[in-house]
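The next block holds one structure in the form of C-alpha cells; read it before the comments.
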Amino acid sequence: MNTASPLIAASRVSQIYAGRDGSPTWALRDVSLQIGRGEFVCLIGPSGCGKTTLLHLVAGFVTPTSGTVSFAGKPIAGPGPERVVVFQEYALFNWMTARQNVEFGLRTRGLGRKERRELALGALERVNLRHAADRYPHELSGGMRQRVAVARALVVEPEVLLMDEPFAAVDAMTRQALQEDLLRLWQEIGISVIFVTHNVDEAAFLAQRVIVMGAHPGNIRADLAIDAPHPRDRGSAEFAGLYAVVADALATHTRRAS
Numbered sequence: 003m004n005t006a007s008p009l010i011a012a013s014r015v016s017q018i019y020a021g022r023d024g025s026p027t028w029a030l031r032d033v034s035l036q037i038g039r040g041e042f043v044c045l046i047g048p049s050g051c052g053k054t055t056l057l058h059l060v061a062g063f064v065t066p067t068s069g070t071v072s073f074a075g076k077p078i079a080g081p082g083p084e085r086v087v088v089f090q091e092y093a094l095f096n097w098m099t100a101r102q103n104v105e106f107g108l109r110t111r112g113l114g115r116k117e118r119r120e121l122a123l124g125a126l127e128r129v130n131l132r133h134a135a136d137r138y139p140h141e142l143s144g145g146m147r148q149r150v151a152v153a154r155a156l157v158v159e160p161e162v163l164l165m166d167e168p169f170a171a172v173d174a175m176t177r178q179a180l181q182e183d184l185l186r187l188w189q190e191i192g193i194s195v196i197f198v199t200h201n202v203d204e205a206a207f208l209a210q211r212v213i214v215m216g217a218h219p220g221n222i223r224a225d226l227a228i229d230a231p232h233p234r235d236r237g238s239a240e241f242a243g244l245y246a247v248v249a250d251a252l253a254t255h256t257r258r259a260s
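Sequential numbering from 3 applies to the sequence shown in the working numbering.
Listed below in C-alpha cells is the structure:
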C-alpha cells in the first residue's frame, strides 16, 4: 500500500441514515482508509456493512455525516471525471448504440464528433468490442453490455475506477473472462480500482488488498495484503491459500458482527 501520498483517503468517516422508525442507522462508523495510486483494492463483507456507501462517498454521490473523504489531498465535494463508477446494472441507454453510449461521457468535453467517435472506438477496442460498436444494448449479451459500461468509464481517462459488484449479474464463465479483462486493463493503464464484491474467489483473484468490512455498524475489520503476483492460477495451491485467508477473515468478522 502506498500511504506516503494516498490518492484516496477516508479519515474517521461515519454515515448515518434515518431508519424506518426515524431512529439513526449507522451505515458506517469511524472508517479510515488510504488507497494509493494504481492500487487494486476489493471491499468485501456481508450485506449492510457499508461497502456501497463507502464507494458512493468516494464517488461524491453523498457526503459523510462526519469525517472527511479526499482525492489527491482535496476534500471530495461531488462527482468528478477523475472518479468514475461502473454499476452492477449496466446503466446503458437502450436507444444508443455501443459506440454512442461510450461517446456520451465525452459530450461535455467540447470535442468534435469525429474525435469523440475515434476515442469511443478506441475504448471499445480495448475491451474487445469494436466489432459490436453499432449494436444496441438489446443485441448484446450481459457480458458485452458490461464491457461497454467499462469502455464508457475508461474513455474519460479517470484516475480511479469505482466498481459496485459489476460482474454479479453474469454467469460464472463470463464473470471469469471479465475479471481477466479488467486485470489486463488495470495493468495496461495503471489506474486505481476500488471493487465491491461479496465473492471470496473474486476478491482473491483480483485484489492487491482486501478490505474486510463488518456490519452493525459498518466498519473495517481487517486489511489483508495479497502479495501474490498476477495472473493468478485458480487451480494452484497458492491460490487455494489466498482463498482460505480471505474466507477465514470474512467468516471470523461476520460472526463477530452478527
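The beta-carbon is built from N, C-alpha and C at its ideal position, and this holds for glycine as well.
- Per DSSP, the continuous alpha helix (DSSP H) segment holding Phe106 begins and ends at Ala100 to Phe106.
- In this structure, the CA atom of Glu127 is about 32 Å from the CA atom of Ile78.
- Nearest C-alpha to His58 among Gly112, Ala239 and Ala12: Ala12.
- Straight through space, the alpha carbons of Asp23 and Glu159 are spaced by roughly 43 Å.
- Taking the C-beta atoms as reference points, Thr55 is found nearer than 7 Å to Leu30.
- For His232, the CB contacts under 6 Å within the same chain, skipping 5 residues up- and downstream, are Leu185 in chain order.
- Here DSSP, grouped into helix, strand and coil, assigns Phe197 to strand.
- Around the CB of Trp188, 16 or more other CB atoms lie within 10 Å, so the residue is classed as buried.
- Excluding the 5 residues flanking it on each side, Arg119 has same chain C-beta neighbours closer than 8 Å at Arg101 and Glu105, in chain order.
- Contact check for Ala122 against Leu156 fails: the beta carbons are separated by 7 Å or more.
- The region 64-81 makes no contact with the region 90-98; the number of CB pairs closer than 8 Å stays below 3.
- For Gly220 and Val214, the gap between their C-alpha atoms comes out near 10 Å.
- A buried status is given to Pro8, since no fewer than 16 other beta-carbon atoms sit within 10 Å of its beta-carbon.
- Burial check for Met175: the Cβ neighbour count within 10 Å stays below 16, so the residue is exposed.
- When secondary structure is reduced to three states using DSSP, Phe241 falls in the helix class.
- Excluding its 5 nearest sequence neighbours in each direction, Ala217 has C-beta neighbours in its own chain below 6 Å: Pro48, Gly50, Cys51 and Ala259, listed in chain order.
- Straight-line measurement puts the Cα of Gly112 at about 45 Å from the Cα of Arg236.
- Ranked by Cα distance from Gly75, the first of Val64, Asp183, Thr254 and Val60 is Val60.
- If the five residues before and after Val172 are omitted, its C-beta is found closer than 6 Å to the C-beta atoms of Gly144 and Gly145, all from its own chain and listed in chain order.
- By the C-beta density criterion, Ser194 is buried, having at least 16 other C-beta atoms within 10 angstroms.
- According to the DSSP assignment, Phe207 belongs to the alpha helix (DSSP H) that extends over Val202 to Leu208.
- The Cβ atoms of Gly40 and Gly192 lie closer than 7 Å to each other.
- If only complete runs of 4 or more residues are kept, the region 69-141 shows the alpha helix (DSSP H) at 100-106 and 115-128, in order along the chain.
- Less than 7 Å divides the Cβ of Met165 from the Cβ of Phe197.
- If the five residues before and after Phe63 are omitted, its C-beta is found closer than 7 Å to the C-beta atoms of Pro81, all from its own chain and listed in chain order.
- Closest in alpha carbon position to Arg211, among Val247, Arg177, Leu108 and Ser238, is Val247.
- The C-beta distance from Gln17 to Thr67 rounds to 5 Å, short enough to meet the 8 Å contact threshold.
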